[in-house]
Every structure is written in C-alpha cells, then in structure tokens.
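What follows is a short report on a single structure.
2 protein chains.
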Amino acid sequence: MDQIDRKIINMLEQNARASLKELSAACYISSPAIAARIAKLEKAGIITGYHASVNFEKLDYHVKAFIQIQLEPRQKGEFYPFVKTVPNIIECNCVTGDYSELMEVVFESTAALDNFINDLQSRFGKTSTQIVFSTSVDHRGITFQNVDDLSADDLKDDAHH
Amino acid sequence: MDQIDRKIINMLEQNARASLKELSAACYISSPAIAARIAKLEKAGIITGYHASVNFEKLDYHVKAFIQIQLEPRQKGEFYPFVKTVPNIIECNCVTGDYSELMEVVFESTAALDNFINDLQSRFGKTSTQIVFSTSVDHRGITFQNVDDLSADDLKDDAHH
DNA sequence: TCTTGCGGTCGATTTGATCCATTGCAAAAA
DNA sequence: TTTTTGCAATGGATCAAATCGACCGCAAGA
C-alpha cells in the first residue's frame, strides 16, 4: 500500500468506472501496471466491490429512516437472514446500547415505513425510529489525504519505498 | 423506467464495472442501446455515481460507530461544512428525535474515536455513541425484484410498454 | 395519411484493455 | 563483493470493447 495504491483507491471511490487509462495518466504509470495493482487490491480484499449509487427520491423512496430494535440473543438466527431479504434495508449493524440492532431503511411513504415497523415489532421486539430530514454526507468511503495533487516524482519516489 | 432500466440498475449496483457487453447480453439488447439508457439514467439523476467500496478493517479502521449529536439550529452553518471535511465521517443525516444529527464514522481505534467525540462535544453539543459489533447488511442500494431472470421476450415486451 | 421523434440495430472505426517479452532494481544468497 | 531471485514496471502487438453514424420501425400527434 503505497501512495499510488491510495490514489487508485481514492479515484475508484469517486468514479468506479474510471478507465485504466485515466488512472494511468493520474498516477504516471502504465495501464498494465494499474491493472496489476487493482487486481492485487481486489485479491487482498481491500477493494471489495464496485457499486452504482442511485437517487432514492427519484425512485419514489421518499422516506429514509433509522430503526433500532431490541433483540433477544436467540432471535438473531431468524433476524439476520430476514434483514438480508428485505430490499428496503440498506444497512444493518449490531451495536452497543439499549437496542441491539441499528438499521437504515428507505420506504415509499411513511405509511409503508409504519407498516414495516409493525411487522418488525410483531416478529421481534421493541423498536425506536428516527426519520431522516436531510443528508449532509451521503454514504462514502474513507478518502486518503495528501494524494490528490502529487507530482510524477512524488509518486515514483514512493513506489520504491 | 421499464424492466430493462431496472435490470441495468440492479446489475450496476452489484458491479459498477460491468461492461456494456455483459449488460447487453443480460438484457437482450445491443450495447449502444445500453450505453444510451445508462446516459439517460445518469442525466435524469437516477444513477448518481459509481463507487468502489473498501474493507475498512484492512485499511486499519477497526472501529465503526454511530454518533448522535445535539445541535442548536444556529450551529448548522458551522457543522455541515465541518462534517464534509472529516474523512472519518462516512455518512451524516439530520434526523427526528432528541439528537438532531446522526452520523456513521470509522476510526483506527477506540482512542481515536474518543478523541473525535471530545472534539465534537467541545465544538458543538451533547453526543451519544453506539459502537458497531458487526455488520449483517453492508451499505447497499435498493434491488428491484422480479427482474433477475427474465426471458428475452419478457424484457422486449416491456420495453414498448 | 403524413410527419416527427424516439429507441433500436448493424457494421465501421476508434479507443481501451490485455498479453508477452524484456528491463531495472532491490533484497537475499553465495 | 558478486550473483541470484523475485517483483513491478515498460512498450509494442494483439485482442476486445465502446463509440459513431447511417439507417430502420413504430407509435403519437399534426
């Protein structure tokens, strides 16, 4: 993981469809070299995938919310397969605190959200919900600093650490 | 937005680097047709970007957490530019409830997280933090149902709605 | 009926990705 | 010190994929 790898990751986080040529120009190395580095980062499990992101509003998912739920330990075996199959659940984490699971969801309407919460409560346990008014930072990866405007020499020097 | 568009979106959510050829084969239309549809979805603001996702653990961000913070209305002008500049904040939402902002963060260690929380509290207001034990559903987009195994005829019929 | 516009196909061209032989360099072995 | 080994890169040839432009068919509105 040198500066070039970090720059590749930054660029692919911003635009996963960037061509090897673009990456190659920005990193001052050849495109086969970029391809080899990307393959290595994927194999190492550092880059885990490439995903298009969509505007939920435009797809008529007007309500985003966070739902916390209290779960008995024995319910987890049923809960985890369940959450994976519900497309409205866009993230789910097991967390510290009074509620054991915290999930992020999107729904067409508050009515549909309410419906889902009722279903959750009857199947599992007590919930607590916060509805999202606005999103100031949309889900993103970490961005490496001090990599964005490096000269050819800076990058090359670093490569042979 | 017909079934073909939905299938394209599904596929690009799963693999944003899928080639036009792959998409074209799966949708039973030519690759220029796919390119035109993607361009249209982007221009309409339905597809908002393509992002590589990384394994935070492998990059030594061992602690994921959700931080809620109480904010005076007048503090928002300062808060929003701030959260955008902190790379550790991977999502931030304004929500209903006792705490006005809910953010998802990643840090190298609990010490670094603690440090950040102290900084937040001194700059803004009261916080409440939940640390993530495990993630059963990693951040994902919505997946359209009944699109994954359609025949050539199904897709074509739908195109001329 | 005629026209307009959209969304599609097909083949030609251009662009980008991949393969392979070769090089340079640094670290470990002789 | 010299030799060897292995890794990461290059550059050109080859191959695959994306783009362009001409053309077609169909449905909606003039």
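Chains as they are written, first to last, in our numbering: chain A, 1 to 161; chain B, 1 to 161. Glycine included, every Cβ here is placed at the ideal spot set by N, Cα and C.
Based on DSSP bridge pairs, tell me the residues matched to residue i.
i, result
"B/C92", "A/V137 and B/M103"
"A/F66", "A/E104 and A/Q130"
"A/I47", "B/V54"
Between residue i and residue j, how many whole angstroms is the CB-CB distance? I'm expecting something under 8 Å.
i, j, result
"A/S53", "B/T48", "5 Å"
"A/I117", "A/T127", "6 Å"
"A/A65", "A/T135", "That belief does not hold up - the Cβ atoms of A/A65 and A/T135 are roughly 12 Å apart, past 8 Å."
"B/S143", "B/E42", "Inspection of the sequence shows that residue 143 of chain B is occupied by Thr rather than by Ser. Not a contact, Cβ separation roughly 19 Å."
"A/A26", "A/K7", "7 Å"
"B/G45", "A/K58", "6 Å"
"B/R74", "A/R17", "Not really, about 41 Å apart at Cβ, beyond 8 Å."
"A/R140", "B/I90", "5 Å"
Which chain A residues sit within Cβ distance under 8 Å of residue i?
i, result
"B/N146", "Ordered by position in chain A, no residue passes the 8 Å Cβ test against B/N146, which lies about 11 Å from the chain."
"B/K84", "S136 and V137"
"B/N88", "I142"
What does residue i touch in chain B if you count any residue whose Cβ is under 9 Å from its own?
i, result
"A/Q75", "In chain order: nothing, as chain B lies at least about 13 Å away."
"A/E13", "H51, A52, S53 and V54"
"A/I94", "For the sequence presented, residue 94 of chain A should be read as Cys rather than Ile. Per Cβ cutoff of 9 Å: V132, F133, S134, T135 and S136."
"A/I9", "A52, V54 and L59"
"A/V105", "Neighbours of A/V105 on chain B: none; closest Cβ ~10 Å, over 9 Å."
Residues of chain A with CB closer than 7 Å to the CB of residue i, please, in chain order.
i, result
"B/N118", "Residues of chain A passing the Cβ test: none, with the nearest at roughly 18 Å."
"B/R66", "Before going on, a small fix: residue 66 of chain B reads as Phe here, not Arg. Chain A residues near B/F66: V95 and L102."
"B/A16", "A16, R17, Y50, H51 and A52"
Strictly below 8 Å CB to CB, what residues from chain B border residue i?
i, result
"A/A25", "Chain B residues near A/A25: none, gap ~18 Å exceeds 8 Å."
"A/E72", "Ordered by position in chain B, no residue passes the 8 Å Cβ test against A/E72, which lies about 16 Å from the chain."
"A/A44", "K58"
"A/E108", "What A/E108 touches in chain B: nothing, since even the nearest Cβ is about 10 Å away."
"A/E22", "Here the premise fails: no neighbours, minimum Cβ distance about 13 Å."
So residue i contacts chain B; which residues on that side make the cut at Cβ distance below 7 Å?
i, result
"A/V63", "Result: empty, since nearest Cβ-Cβ is about 11 Å, beyond 7 Å."
"A/I47", "A52 and V54"
Cβ closer than 9 Å: which chain A residues qualify as neighbours of residue i?
i, result
"B/E78", "Result: empty, since nearest Cβ-Cβ is about 12 Å, beyond 9 Å."
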